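Trainee: In the working numbering, the protein residues as written are 1 to 497.
Glycine included, each C-beta is placed from N, C-alpha and C at the ideal position.
Being a predicted model, the structure only gives us computed values, none of them experimental.
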Ligand code: NAP
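(1) Give me the residue from 45, 66, 433 and 131 with the minimum Cα distance to residue 407.
(2) Under three-state DSSP, which class holds residue 43?
(3) Just how far apart, CA to CA, sit residue 310 and residue 264?
(4) Would you call residue 1 buried or exposed, if buried means 16 or more other Cβ atoms sit within 10 Å of its Cβ?
(5) Can residue 462 be considered in contact with the ligand NAP, in the sense that its beta carbon sits closer than 7 Å to one or more heavy atoms?
(6) Buried or exposed for residue 104, please, with buried defined as at least 16 other CB atoms from any protein chain shown within 10 angstroms of its CB.
(7) Whole angstroms is fine: what's the gap from residue 465's alpha carbon to residue 307's?
(8) Within the present structure, is the beta-carbon of residue 413 separated from the nearest heavy atom of the ligand SAH by less than 7 Å?
(9) On the criterion of 16 or more Cβ atoms from any shown chain inside 10 Å, does residue 475 qualify as buried, or is it exposed?
(10) Closer than 7 Å to a non-hydrogen atom of the ligand NAP - does that hold for the CB of residue 388?
(11) Could you tell me if the beta carbon of residue 238 falls within a distance shorter than 7 Å of some heavy atom in the ligand NAP?
(12) Suppose only complete runs of 4+ residues qualify. What are the alpha helix (DSSP H) ranges in the stretch 131 to 183, listed by chain order?
(13) Suppose the cutoff is 6 Å on Cβ atoms and the five residues either side in sequence are ignored; what does the same chain contact list for residue 219 look like?
(14) Straight-line CA distance for residue 279 to residue 334?
(15) Would the beta-carbon of residue 386 fall within 8 Å of that of residue 359?
(16) What first and last residue would you give for the alpha helix (DSSP H) that runs through residue 236?
(17) Across the stretch 23 to 34 and the stretch 53 to 73, are there enough close Cβ pairs to call them in contact, namely three or more that are closer than 8 Å?
(18) Got a sec: does the ligand NAP put a non-hydrogen atom nearer than 7 Å to the Cβ of residue 171?
(19) In this structure, does DSSP put residue 345 in helix, strand or coil?
(20) For residue 373, verify whether its CB is less than 7 Å away from any heavy atom of the ligand NAP.
(21) Answer yes or no: the CB of residue 409 versus the heavy atoms of the ligand NAP, is any distance below 7 Å?
(22) Secondary structure at residue 313, three-state DSSP: helix, strand or coil?
(23) Apart from the five residues on each side of it in sequence, which residues of its chain come closer than 6 Å, Cβ to Cβ, to residue 160?
(24) For residue 139, is the classification buried or exposed, using 16 other Cβ atoms within 10 angstroms of its Cβ as the cut-off for buried?
(25) Are there 16 or more other CB atoms within 10 angstroms of the CB of residue 258, so buried, or fewer, so exposed?
(26) Is residue 378 a contact residue of the ligand NAP, with contact defined as CB to any heavy atom under 7 Å?
Next up, the structure:
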């Protein structure tokens, strides 16, 4: 079950949003009394309430907004119990002073907004001794491994326990706690109303992660990156898994650069079967396993990690075949009589992970490649590795090319007014491939079309690389057309606004 936390400054808004949540399918709502500007009027909030409620009134030390005295706060909590609220949230240090009464279920809660403390398990043991129907623990994740500790508490609980990490690094445990038996997870009314760090919206929890369908048999996948909040992979993979009727969830896992290997080792306890790997881990991830297939080995980078049928980790690079396939498809459309890359001249902007994979694919196909990179030194180094031409970034406009490939983030959301290649450098009939997929229609591509160039957006490559990952993860072909539609819908301007 998803519990939606509601914090509004006015009673009328709280009541209206509660009603709208109920109409939208919410089954449990947490009313945050501390958010109300005026003295909370419990009768107004609880009479004719459309769903069961948790009544909570947080103190400033737990980042709550309560401005009254502690005595007034406790009186309010007692009143909520007398009025028959289904659940009451009592902080660990006040729970013993507020007696049990009627049918109201007692949630005894512990919050730590700074860290997941070393003595967490000891704190939990103490909480178990209190008079609780439910225990709730929410701690800040400063390391992704903290998720594993909180989920272990849920899994081993004798008293039903809701335990998860806060912060962007804590998102996996907010989603996965249901797999381990948590009675509910918390979500917020909307993305604009995040009441605790890392909270997902009700819609995301329900429609992207399908929290209510997660059970102990749910298989687990995810994307490793830092940052990862902007990634469209969770929307895409979760939709595809569901479309194919596979009981699985795909998580956004924010992992700082220096803790990648320890995270992967600890996350084995969660039974994760596959990962997409993105910035900044694509190279470093090869240290996790010695088993790489040729694209990963040759690129020196992997974007996919999956557990094979023997349960052994395997690294591969699906950017390489995806870029090649997307380029070949575009060349076929441009000129069906001469769709081959071989013999074409390609100018590639950038020398990072994507450029490495695409550059290798281009060179192996027999095309001529010239690299230009903002940092000329890095560009030269990649050109040496790929045994191809290099030109200084400042001279990129003077290279004679049939195909231009942008492997830099210049022009990506939100900097959509930027382009890495001036319009007057474009040549008629050129194929312009922008690997950026958000937005699908970058300024570079718009100007290229004005210039009678052929264009290819990064969307197709993104879909093809994800489709191949899907196949690695679940050993069956991906629903590509459905994935394409899903991604287009997700990055539409309506959503970006
Ligand atoms: P990366 O490893 O961080 O490399 C980034 C590259 O962009 C570097 O060469 C960097 O140059 C250059 N760069 C960054 N900011 C720049 C700026 N303001 N002006 C000029 N050059 C700049 O990243 P990556 O993984 O290669 O990803 C690069 C882009 O490829 C991403 O933005 C993404 O949109 C796209 N991509 C798309 C797909 C897909 O499936 N469609 C897959 C992967 C990547 P320096 O060396 O000078 O820093």
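Mentor: In short, the structure shows the following:
(1) Translated into the one-based positions of the chain shown, residue 407 becomes position 407. When each option's Cα is compared against that of residue 407, the closest is 433.
(2) Working through the chain shown from its first residue, we reach residue 43 at position 43. Collapsing the DSSP output to three states places residue 43 in a helix.
(3) Along the chain shown, read from residue 1 onward, the residue named residue 310 stands at position 310. Along the chain shown, read from residue 1 onward, the residue named residue 264 stands at position 264. For residue 310 and residue 264, the distance between alpha carbons rounds to 18 Å.
(4) The residue labelled residue 1 in the question sits at position 1 within the chain shown. Exposed, by the Cβ-count rule.
(5) Position 462 of the chain shown holds residue 462. Under cutoff, so the answer is yes.
(6) Walking along the chain shown from the start, residue 104 turns up at place 104. That one is buried.
(7) Taking the first residue of the chain shown as 1, we reach residue 465 at position 465. Taking the first residue of the chain shown as 1, we reach residue 307 at position 307. Approximately 18 Å between the Cα atoms of the pair.
(8) Absent from the structure shown: the ligand SAH. Ligands present: the ligand NAP.
(9) Start at 1 with the first residue of the chain shown, and residue 475 comes out as number 475. With fewer than 16 Cβ atoms within 10 Å of its Cβ, residue 475 is classed as exposed.
(10) Working through the chain shown from its first residue, we reach residue 388 at position 388. No, since every heavy atom of the ligand NAP falls outside the 7 Å radius drawn around the Cβ of residue 388.
(11) Here the question's residue 238 lines up with position 238 in the chain shown. No, the beta carbon of residue 238 sits no closer than 7 Å to any heavy atom of the ligand NAP.
(12) 146 to 156 and 171 to 176
(13) By 1-based counting over the chain shown, the position of residue 219 is 219. Within the same chain, and ignoring the five residues on either side of residue 219 in sequence, the residues whose Cβ sits closer than 6 Å to its Cβ are 248 and 273.
(14) Along the chain shown, one-based indexing puts residue 279 at 279. Along the chain shown, one-based indexing puts residue 334 at 334. One C-alpha to the other measures close to 32 Å.
(15) Against the chain shown, residue 386 aligns to sequence position 386. Against the chain shown, residue 359 aligns to sequence position 359. In contact: residue 386 and residue 359 (Cβ atoms closer than 8 Å).
(16) Position 236 of the chain shown, counting from 1, holds the residue named residue 236. Run containing residue 236: 233 to 243, per the alpha helix (DSSP H) assignment.
(17) yes
(18) Residue 171 sits at position 171 when you count from the first residue of the chain shown. Not so, every heavy atom of the ligand NAP lies at least 7 Å from the Cβ.
(19) Translated into positions along the chain shown, residue 345 becomes position 345. Note: residue 345 maps to strand in three-state DSSP.
(20) If you number the chain shown from 1, residue 373 lands on position 373. Yes, since a heavy atom of the ligand NAP falls inside the 7 Å radius drawn around the Cβ of residue 373.
(21) The count along the chain shown starts at 1 and reaches residue 409 at position 409. Yes, Cβ of residue 409 sits closer than 7 Å to a heavy atom of the ligand NAP.
(22) For the purposes of this step, residue 313 is taken as residue 313 along the chain shown, with counting starting at 1. Strand, per DSSP.
(23) For this step, residue 160 is matched to residue 160 along the chain shown. Contacts found: 134 and 183.
(24) By 1-based counting over the chain shown, the position of residue 139 is 139. By the 10 Å Cβ count, residue 139 comes out buried.
(25) If you number the chain shown from 1, residue 258 lands on position 258. Exposed.
(26) Reading the chain shown from its first residue, position 378 is the one you call residue 378. Yes - the ligand NAP has a heavy atom lying nearer than 7 Å to the Cβ of residue 378.
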